[in-house]
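Student: Residue numbers (numbering that gives the first Met the number 0): 0 to 412.
Beta carbons: idealized from backbone N, C-alpha and C, even for Gly.
Here the structure is a predicted model, which is why all the values come from computation and not from measurement.
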Amino acid sequence: MTAPGTGRRQPSRTDWVLLLLPYLLLPASSAFAALSGDISTSEVPRTVVTGLALIAWHTYWTLTNQQWLAQALAPMAVYYLGLLAGCAVLLQVSIDYLVLYLVSYALAFVVLPGVWAYAGLGLAAVVPLIVPGPMNVTGSNVAITLGGVALAAAIGWSIRRLEAETAARQVALAELADAHVDLKRALADNMDLQDRLVAEARESGVTAERARIAADIHDTLAAALTGIVSQLEAVDAHAPADERVRARVQVSMDLARDALREARHSIHALRPAVLERHSLPGALSALVAELERTGSLPAAFHLVGDLPALSDATEDTLVRIAREALTNIRRHAGATRVHVTLSGLGDQVALDVVDDGAGFDRDQLPPGGHGLDLMLERARHLGGTLDIQTRPGGGTTITASLPGPPPAEGSDG
0 MTAPGTGRRQ
10 PSRTDWVLLL
20 LPYLLLPASS
30 AFAALSGDIS
40 TSEVPRTVVT
50 GLALIAWHTY
60 WTLTNQQWLA
70 QALAPMAVYY
80 LGLLAGCAVL
90 LQVSIDYLVL
100 YLVSYALAFV
110 VLPGVWAYAG
120 LGLAAVVPLI
130 VPGPMNVTGS
140 NVAITLGGVA
150 LAAAIGWSIR
160 RLEAETAARQ
170 VALAELADAH
180 VDLKRALADN
190 MDLQDRLVAE
200 ARESGVTAER
210 ARIAADIHDT
220 LAAALTGIVS
230 QLEAVDAHAP
240 ADERVRARVQ
250 VSMDLARDAL
260 REARHSIHAL
270 RPAVLERHSL
280 PGALSALVAE
290 LERTGSLPAA
300 FHLVGDLPAL
310 SDATEDTLVR
320 IAREALTNIR
330 RHAGATRVHV
340 TLSGLGDQVA
350 LDVVDDGAGF
360 DRDQLPPGGH
370 GLDLMLERAR
380 HLGGTLDIQT
390 RPGGGTTITA
400 SLPGPPPAEG
410 SDG
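1. Taking the alpha helix (DSSP H) that P391 falls in, what are its first and last residues?
2. Quick one: measure Cβ to Cβ for A416 and L111, integer angstroms, because I've assumed they're closer than 8 Å.
3. Along the chain, where does the beta strand (DSSP E) that runs through Q230 open and close?
4. Count the CB pairs spanning the stretch 347 to 355 and the stretch 291 to 311 that are closer than 8 Å, and state whether there are at least three.
5. Between the Cα of L401 and the Cα atoms of G382, D253, D37 and R390, which residue gives the shortest distance?
6. Is the beta carbon of L17 less than 7 Å from the beta carbon of A105?
7. Looking only at C-alpha atoms, which of D305, G119 and F31 sits nearest to D346?
8. Do you know whose CA, among Y117, I94, C86 and S93, lies nearest V102's CA?
9. Expressed to the nearest angstrom, what Euclidean distance is found between the alpha-carbon atoms of D177 and Y79?
10. According to DSSP, simplified to helix, strand and coil, what is H457?
11. At which residues does the alpha helix (DSSP H) containing L24 begin and terminate?
12. What residue does the beta strand (DSSP E) around V348 start on, and which one ends it?
13. Provide the residue span of the beta strand (DSSP E) that contains L302, from first to last.
14. Opposite L385 in the DSSP bridges: which residues?
15. Exposed or buried, which one is E323 when buried takes at least 16 other CB atoms within 10 Å?
16. What is the DSSP secondary structure of G113, reduced to helix, strand or coil?
17. Suppose contacts are defined by Cβ-Cβ distances below 7 Å. Is L283 in contact with L373 by that definition?
18. Straight-line CA distance for R247 to Q230?
19. Any heavy atom of the ligand ATP inside 6 Å of the beta-carbon of Q91?
20. When the Cα of D386 is compared with those of R377, I397 and L325, which residue comes out closest?
21. Using a Cβ-Cβ cut-off of 7 Å (strictly less than) and excluding sequence neighbours within five positions of A123, which residues of its own chain qualify?
22. Which residues mark the beginning and the end of the alpha helix (DSSP H) in which I54 is found?
23. With DSSP as the reference, label G367 as helix, strand or coil.
24. Can you tell me which residues form a DSSP beta bridge with G343?
25. What would DSSP say about I129, mapped onto helix, strand or coil?
26. Note down the Cα distance separating I54 from V125, rounded to an integer number of angstroms.
27. Counting only C-beta atoms, is P112 closer than 7 Å to chain D at any point?
28. Among D235, T63, T313 and V318, which one has its Cα closest to the Cα of G403?
29. Which word fits I212, buried or exposed, when buried means at least 16 other C-beta atoms lie within 10 angstroms of its C-beta?
30. On a CA-only basis, which of A198, L172 and G333 is nearest G393? Give me that one, please.
31. Given a cut-off of 7 Å, decide if A255 and I227 are closer than it, judged by their beta-carbon atoms.
32. To the nearest angstrom, report how far apart E291 and A173 are at their CA atoms.
33. Run through DSSP, which three-state label would T63 get?
34. Given this structure, state the Cα-to-Cα distance separating A223 from H380, to the nearest angstrom.
35. Drop a sphere of 10 angstroms on the beta-carbon of T49, count the other beta-carbons inside from all chains shown, and report buried for 16 or more, exposed for fewer.
36. Do L317 and L350 count as a contact pair if the criterion is CB distance below 7 Å?
Spelled out as structure tokens, the structure:
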């Protein structure tokens, strides 16, 4: 009858049936007692007063204060003692009130918590035998009482066990439902993460391939065309005064210069997309804004000093280093704040990416871990340096320092 739970107790349907039985059995028992002639005229006032008091007592302690049912021992013990006293008084009037009294057996499991229900049941069995009335202490009455108590105890224990198992199943089902919701949410998050990783991998692959092609064009085709133009200029300077020869040399130089311009245009078109829309500071600011939007991570961009003249290759490298560093922060750092600073240092430029995340031990990283080797190689390729300051739990600072226009910039046009 007592379903486990917390807070205000909600009686079960079985509890309600037992709690409402006194309202039905009291008038029914009174009617049978009156018809059988057990209630004398002198006993009518006592019977009526006791019956009304019993109903009021039962209503106040159980229906009005349902939160006490099988939860609060003290008030429920007071109620149960009063219930037994009232039923015992009525039982002295007529044996017809025995059915009402037997309801107290079941009510012990509705109102008394834990093992106290069995103590209440034992007390209910003893009261009719010790109170003067129709239930005198005889062998048959004792046997009937003991049998009734045993049966009531078995039924009460079974119902409590059933309700406990039902409550446990409900809790398990609720936990299963919560786990199902969590699993669906985790699957959705995983799918979203997978889509983002695929998109990032695709973008990273495209960016890397564009950079490779641009580097190949710059290092081979553009360099070769620059050499051809230089040779043709030398030939033109020392060519004989034959107009036809000089004209052919001039046409060859024009064709080579046109091809060189097209190669440089292709290199420019293969730059990171963000540099096609922004200057270098604007591109870095856009990367920081993208981190805030996609990673829900507070980040800020700072520009310090005047930047020297930078080649496209230098700007490309700084953007790629910044992108790689910010990607690592979003994936691994667990940071709460990120600062990206671009500083002009005379004929050099420095990029600082600082986070307050978990940091790491560089000695424990696998080869190529976190793209650090790639960033270092990019910086060294342009004659720069890459410095990494980090420790576990202490955040990370990545500083890339690159010179202004590389020496080869002027020679290859």
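Tutor: In terms of the structure at hand:
1. Premise fails: P391 is in no alpha helix (DSSP H) and is neither H nor E.
2. In the structure displayed, the chain extends from 0 to 412; residue 416 sits before or after that span and is not available.
3. No beta strand (DSSP E) holds Q230; the alpha helix (DSSP H) holding it covers A222 to H237.
4. yes
5. Of the candidates G382, D253, D37 and R390, the one whose C-alpha sits nearest the C-alpha of L401 is G382.
6. yes
7. Checking every option, the nearest Cα to that of D346 belongs to D305.
8. C86
9. 40 Å
10. The chain is shown from 0 up to 412; residue 457 falls before or after that span and cannot be answered.
11. It spans R12 to S35 - the alpha helix (DSSP H) in which L24 sits, taken as one unbroken run.
12. That run of the beta strand (DSSP E) goes Q347 to D354.
13. A298 to V303
14. A399
15. buried
16. coil
17. no
18. Between the alpha carbons of R247 and Q230 lies a gap of roughly 14 Å.
19. For the structure depicted, the ligand ATP is absent and the ligand set is empty, with no information on it obtainable.
20. I397
21. The answer, listed in chain order, is L83, S103, Y104 and A107.
22. V43 to H57
23. Residue confidence is low: G367 scores 48 on pLDDT, short of 50, so the model does not pin down where it sits. Its coordinate-derived value is still stated next. In the structure shown, G367 sits in coil (DSSP, three-state: anything other than H, G, I, E or B).
24. V348
25. helix
26. 23 Å
27. In summary, chain D is missing from the structure at hand, where a single protein chain is found.
28. T313
29. Taking every protein chain shown into account, the CB of I212 has fewer than 16 other CB atoms within 10 angstroms, so this residue is exposed.
30. G333
31. yes
32. Distance from the CA atom of E291 to the CA atom of A173, rounded to whole angstroms, is 37 Å.
33. The answer is coil: DSSP assigns T63 none of H, G, I, E or B.
34. 20 Å
35. buried
36. yes
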